[in-house]
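Peer 1: Just dropping this structure here.
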Amino acid sequence: MNVPTCFGLPLLSLLLAAGPLTAQTAIPLDGEYTSGVVASKLDCSPTDFTLHYEFGTVSFDPAGTFTATRKAKSICIVGSIPDQTYNDSGTYTLDSLGKLILDYDPANPGTDTFEMYLSPDRELAIPGPASFAEAAGLAILCRKQDGASQADLTGNHGFVQILQSIHPTDFTTESSYGTIDFDGAGVASLSIQWHSIDPSGPQSGVDAGLFGPIVVAADGTLSVGGEQLGAICAGGEFGFLMGYDSREFSMALFTRDATGVASNAIDGEWNLHSYGGSSDFGLNHESQSTQAVGSISGSAGSFAFVGTAHIVNRTSVATFPGSPAGTMGVNPDGSFVATVSGGATLQGWFAEELGVGILADVSSFDFAEAGLVLRRCASSFAYGAGTPGAGGVTPVLETNGLPTIGTTNYTFLVDEAVGGSIAILGVAGTPLVSGFPLLGGTLFLDPLNTFLMKTIPLGGSAGVPGTGSGSLAVTIPVGIVLPGWEFYAQAVVIDPAAPAGFSMTQAVAFQACN
């Protein structure tokens, strides 16, 4: 095994010298996310369903507080509940494993909380293993972008949708799977297979059509007909759209088609949240909505789920453990089919770079569902600000690949530096979130817990601003680094034209995983 070294010392020695890395500090959240929710609740009466819809914004402050503004709609069989706008606030906690807990009532700990899984790149969050009382649903947070445009929403994407409606006497749920192709000018073409559960029994079909215009705002939010109804994340690689009319609500998810995805790309651990509805088609038309929350572990084409199912019937709520297993195969374009042992066939789409997947059930006789899977390991995220060098250009630090334990080619890339120089990369077990003045710039790593330092020669024209780039591939060793450990990296560039002779990149954080 090629074990990384620092000045000739093995990484293990440096880890031991640096002390334990388990007491790491999760960098707090900062900025705005677009949120969407579809759910079923026992709200209308003691014996009937409410369909519930929310769309809004959640804004996080590094001090540990958040504010939320959302528009809510609800539909009962006997009529609609008036539209409402909520303005909430509270505190949040975030651990180094990406568990995000929103506490809407800090004065009463443990009450009125909402737990989510946050992707390590901080682009997405989906519901985690929390109690939803008399409700089941699907929710998402999507980080707002800076400088998005119509050009970000282009190309072919995989597509799934969960749609719910209320008939005059009962509840219907429908899931769809297929493709959606955006033309970059706000018009999309759709081709889907759909599967519906309603009081008259399951229905299915294939649809194709056009819809638009969809307008992309500079913050990545999507508007249809002048109303904000969704958002895109990560430059259009992933997004969602909400829909509603007088008797139905829906949430559609899409992720850009991939190229050359390896068949083992789904190996490892994933968080899952799915939501759907079913009916026994008996005389009482007993409908129910269900959500599954937990984790999936996959390898060699098989998977196992560990978690809970939360069921809302007409008159009761039940939660019980679930542990189905099955097989799964992924195709080069990111599409996959998962067959649950003795049960449904789930079809979906997988974005390897983002570590996110979407799925739908369009096969079961008595169930229709859609959901999200979120890899417990994803690309790094940036924090802090770099220090400009020659020509006022600030170098940047990026990573390539997934920080999986055992990989030999997790790559750090220094770019936009002064040409022909040298960068010094540092990796630490804890960050300095607020930064520390050093060498004319700001250091965002804890120097007392920095265990890896490597030089990276930079190419480009000597002394020319912004032309220097170079990369370094490292090994994340088995048996030394443990899943969930979080690491922080930053590079310093020797730059005589900088005020103190050094420019600096921003810092990046990443999390080791299986």
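With this note's numbering as the guide, the letters of the sequence shown map in order to residues 437 to 950.
Even for Gly, the Cβ is constructed at its ideal location relative to N, Cα and C.
Is it right to say residue 595 is buried, meaning 16 or more other beta carbons lie within 10 angstroms of its own, or is it exposed?
Peer 2: By the 10 Å Cβ count, residue 595 comes out buried.
Peer 1: Taking Cβ positions, are residue 896 and residue 903 nearer each other than 8 Å?
Peer 2: Their beta carbons are under 8 Å apart, which means residue 896 touches residue 903 by this criterion.
Peer 1: Report the start-end ranges of each beta strand (DSSP E) in the region 641-684 that is 3 residues or longer and not cut off at the edges.
Peer 2: As far as the region 641-684 is concerned, its whole beta strand (DSSP E) runs of at least 3 residues are 650-652, 657-660, 663-669, 674-680.
Peer 1: Are three or more beta carbon pairs between the region 582-596 and the region 697-706 nearer than 8 Å?
Peer 2: Because the criterion of three Cβ pairs below 8 Å is not met, the region 582-596 and the region 697-706 do not touch.
Peer 1: Straight-line CA distance for residue 616 to residue 770?
Peer 2: C-alpha separation (whole angstroms): 14 Å.
Peer 1: Which residue wins for smallest C-alpha separation from residue 757, given the options 936, 562, 744, 894?
Peer 2: Selected option, being the one with the closest Cα: 744.
Peer 1: Alpha carbon to alpha carbon, what distance is there between residue 726 and residue 526?
Peer 2: Distance between the alpha carbons of residue 526 and residue 726 is about 28 Å.
Peer 1: Select from 555, 741, 539 the residue whose C-alpha is nearest the C-alpha of residue 533.
Peer 2: Per the Cα distances, 555.
Peer 1: Exposed or buried, which one is residue 946 when buried takes at least 16 other CB atoms within 10 Å?
Peer 2: Looking at its Cβ environment, which holds 16 or more other Cβ atoms inside 10 Å, residue 946 is buried.
Peer 1: Taking the C-alpha atoms as reference points, what is the distance between residue 395 and residue 880?
Peer 2: Residue 395 is absent from the structure shown; the chain starts at 437 and stops at 950.
Peer 1: Look up residue 861 in the DSSP assignment and say whether it is helix, strand or coil.
Peer 2: Note: residue 861 maps to strand in three-state DSSP.
Peer 1: Got a sec? Which residues, its chain only, sit under 6 Å from residue 720 by beta carbon, not counting five neighbours each side?
Peer 2: Note that residue 720 scores 45 on pLDDT, short of 50, meaning its location in the model is unreliable and no value can be drawn from it.
Peer 1: Using 8 Å as the cut-off, can you tell me whether the region 863-870 makes contact with the region 915-930, which would need three or more C-beta pairs spanning the two stretches below that distance?
Peer 2: The answer is yes - the region 915-930 touches the region 863-870, with three or more Cβ pairs under 8 Å.
Peer 1: Which runs of the alpha helix (DSSP H), 4 residues or longer, sit entirely within the region 719-797?
Peer 2: Correct list: empty.
Peer 1: Find out if the Cβ-Cβ distance for the pair residue 634, residue 608 is shorter than 8 Å.
Peer 2: Yes; because the gap between Cβ atoms is below 8 Å, this pair is in contact.
Peer 1: Among all the DSSP beta bridges, which residues are the ones paired with residue 611?
Peer 2: Paired residues: 598, 631.
Peer 1: In terms of residues, what are the limits of the beta strand (DSSP E) holding residue 477?
Peer 2: Here the beta strand (DSSP E) through residue 477 covers 467-481.
Peer 1: Report the three-state DSSP secondary structure of residue 883 (helix, strand or coil).
Peer 2: Residue 883 falls in the helix class under three-state DSSP.
Peer 1: In terms of residues, what are the limits of the beta strand (DSSP E) holding residue 603?
Peer 2: Taken as a continuous stretch (DSSP letters only), residue 603 belongs to no beta strand (DSSP E), as it is neither H nor E.
Peer 1: Can you list, in chain order, the residues of its chain whose CB lies under 6 Å from that of residue 511, leaving out five sequence neighbours each side?
Peer 2: Same-chain partners within the cutoff: 487, 602.
Peer 1: Are residue 673 and residue 691 touching if we call contact CB-CB under 8 Å?
Peer 2: Yes. Within cutoff.
Peer 1: Within this structure, are the beta carbons of residue 851 and residue 905 separated by less than 8 Å?
Peer 2: Yes, the pair counts as a contact, with Cβ atoms nearer than the cut-off.
Peer 1: Taking the continuous beta strand (DSSP E) assigned at residue 939, which residues delimit it?
Peer 2: That run of the beta strand (DSSP E) goes 938-940.
Peer 1: Could you tell me whether the region 490-510 touches the region 784-803, using the rule of 3 or more Cβ pairs below 8 Å?
Peer 2: Taking 8 Å as the limit for Cβ pairs, the verdict is that the region 784-803 does not touch the region 490-510.
Peer 1: In three-state terms, what does DSSP make of residue 828?
Peer 2: Three-state DSSP puts residue 828 in a helix.
Peer 1: For residue 831 and residue 892, what's the separation of their Cα atoms in angstroms?
Peer 2: If I take the Cα positions, the gap works out to 13 Å.
Peer 1: Report yes if the CB atom of residue 943 is closer than 8 Å to the CB atom of residue 847, and no otherwise.
Peer 2: It is not a contact, given that the beta carbons lie outside the stated cut-off.
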